[in-house]
Amino acid sequence: MASVWAGSGIAGGAICFEAERVVLEGNWITHLVSKASRDMAAAKRKSGQAATKRNLSKATGSRQIVGPKSTNSRWGLLMMVSLAAGIMWTVFSRVPSAVGAPLSSSPGPREGFLAPDFTLDALDGTKVTLSELRGKIVVVNLWATWCFPCRAETPALERSYEQYRDSGVVVLGVNLTNQDSVSDAKSFVQEFKLTYPILLDRDGNVAYLYQLRGIPTTFFINRHGVIRTAVVGGPMSETFIRSKIEALLREGQ
8 MASVWAGSGI AGGAICFEAE RVVLEGNWIT HLVSKASRDM AAAKRKSGQA
58 ATKRNLSKAT GSRQIVGPKS TNSRWGLLMM VSLAAGIMWT VFSRVPSAVG
108 APLSSSPGPR EGFLAPDFTL DALDGTKVTL SELRGKIVVV NLWATWCFPC
158 RAETPALERS YEQYRDSGVV VLGVNLTNQD SVSDAKSFVQ EFKLTYPILL
208 DRDGNVAYLY QLRGIPTTFF INRHGVIRTA VVGGPMSETF IRSKIEALLR
258 EGQ
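Heads up, the sequence shown is in our numbering, so the first residue is 8 and it goes up one at a time.
Below, the structure is given as structure tokens:
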């Protein structure tokens with residue numbers, strides 16, 4: 008999927024990756040392995056120094072207390088435990104609907120192609136179907152209450168919606184309810200005083216349909232239902248959001 012990665016040029020560039028919540032999986036495991044390797048190297052140096060001291064002690068006939076010989080094995084065990092912890096974090100912090108999902112079984116959300124259709128319950132009790140919004144510009148934002156970049160970009164989404172709603176722009180906030188909760192989503196709406204529709208992805212079907220790999224993820228869709236821009240990560244700045252909406256508005260002129 009062609010996409011824009013929200014980076015340092017978009018007000019910060021933090022990413023909740025693979026429901027990562029805090030860190031990128033690859034960097035987390037690399038950090039653990041690198042740290043364990045450094046610790047093992049340090050342990051070997053200490054062990055070598057201890058061996059040198061023992062040899063000197065034998066040569067001089069003196070006695071000297073040295074550290075235990077099991078230092079290397081202890082650090083090796085620590086490395087294995089750290090690596091196992093990193094792998095467990097990787098597996099259990101991923102988006103459940105994406106784990107093991109065959110990507111070829113559903114139409115991928117690609118720029119220049121129709122956005123996959125869906126129908127979801129809204130927080131206010133209504134139902135929203137994406138295809139029924141043809142003729143309007145739609146911004147689909149997939150998010151969760153525990154995602155810090157999601158929280159950071161929410162005010163910009165709300166202000167953009169307030170500015171362009173009379174021009175036929177709709178913002179749909181798709182909450183990953185299968186990893187969140189309805190009560191937290193309600194509190195989130197109250198905290199940020201949101202006026203755009205909040206949809207509940209209770210079973211993760213939309214996250215799967217849109218091949219979600221990180222949150223927040225945002226799709227800018229034109230009046231014909233075609234994805235023009237896909238943004239993985241965040242937070243997006245208000246200037247960036249408005250520039251994408253303005254470009255879609257100009258398409259109809």
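Here a beta-carbon is modelled for each residue, glycine too, at the ideal position from N, C-alpha and C.
The structure displayed is predicted, hence computed values, not measured ones.
{"Query": "Would you mind stating whether Ile205 and Arg117 have Cβ atoms separated by less than 9 Å?", "Result": "no"}
{"Query": "For Val233, report the span of its alpha helix (DSSP H) as first-last.", "Result": "That residue, Val233, is in no alpha helix (DSSP H); it is neither H nor E in DSSP."}
{"Query": "Give the DSSP-derived three-state secondary structure of Lys134 in the structure shown.", "Result": "strand"}
{"Query": "From the DSSP output, read off the bridge partner residues of Trp150.", "Result": "Asn182"}
{"Query": "Reducing DSSP to helix, strand and coil, say where Asp173 ends up.", "Result": "helix"}
{"Query": "Check each candidate in Pro162, Met243, Phe247 and Leu149 and name the one with the smallest Cα separation from Tyr215.", "Result": "Leu149"}
{"Query": "Would you mind working out which of Val146, Pro123, Leu127 and Leu137 sits nearest Lys251, comparing C-alpha positions?", "Result": "Val146"}
{"Query": "I need the DSSP call for Ala129, collapsed to helix, strand or coil.", "Result": "strand"}
{"Query": "Are the beta-carbon atoms of Thr246 and Ala237 separated by less than 9 Å?", "Result": "no"}
{"Query": "For Leu206, report the span of its beta strand (DSSP E) as first-last.", "Result": "Ile205 to Leu207"}
{"Query": "Figure out for me which residue from Lys143, Cys157, Asp131 and Leu140 has the closest Cα to the Cα of Gly240.", "Result": "Cys157"}
{"Query": "What does the alpha-carbon distance come out to for the pair Met87 and Arg220?", "Result": "28 Å"}
{"Query": "Looking only at C-alpha atoms, which of Leu183, Asp131 and Ile222 sits nearest to Asp208?", "Result": "Leu183"}
{"Query": "With DSSP as the reference, label Thr202 as helix, strand or coil.", "Result": "coil"}
{"Query": "Thinking C-alpha only, which one of Val213, Ser188, Ile228 and Thr152 is nearest Ala254?", "Result": "Ile228"}
{"Query": "What does the alpha-carbon distance come out to for the pair Val102 and Leu201?", "Result": "Only weak support is given to the placement of Val102: the predicted model assigns it a pLDDT of 43, under 50, and the question is left unresolved by the model."}
{"Query": "With DSSP as the reference, identify every bridge partner of Val145, one or two as the case may be.", "Result": "Val177 and Ile228"}
{"Query": "Would you call the CB atoms of Leu164 and Ile222 closer than 9 Å?", "Result": "no"}
{"Query": "Taking the beta carbon of Gly132 as the centre, do at least 16 other beta carbons fall within 10 Å, making it buried, or is it exposed?", "Result": "exposed"}
{"Query": "For Thr136, which residues in the same chain have their Cβ closer than 6 Å to its Cβ, ignoring the five residues on either side in sequence?", "Result": "Thr126"}
{"Query": "What is the DSSP secondary structure of Leu121, reduced to helix, strand or coil?", "Result": "strand"}
{"Query": "For Val181 versus Tyr168, is the C-beta distance shorter than 9 Å?", "Result": "no"}
{"Query": "For Lys143, I'd like the list of residues in its chain whose CB is within less than 8 Å of its CB, leaving aside the five on either flank, ordered along the chain.", "Result": "Gly175, Val176, Val177 and Arg230"}
{"Query": "Take the Cβ of Leu84 as the centre, count every other Cβ of all protein chains shown within 10 Å, and call the residue buried at 16 or more, exposed below.", "Result": "exposed"}
{"Query": "Count the other C-beta atoms from every protein chain shown that fall within 10 angstroms of the C-beta of Asp187, then say buried if there are 16 or more, exposed otherwise.", "Result": "buried"}
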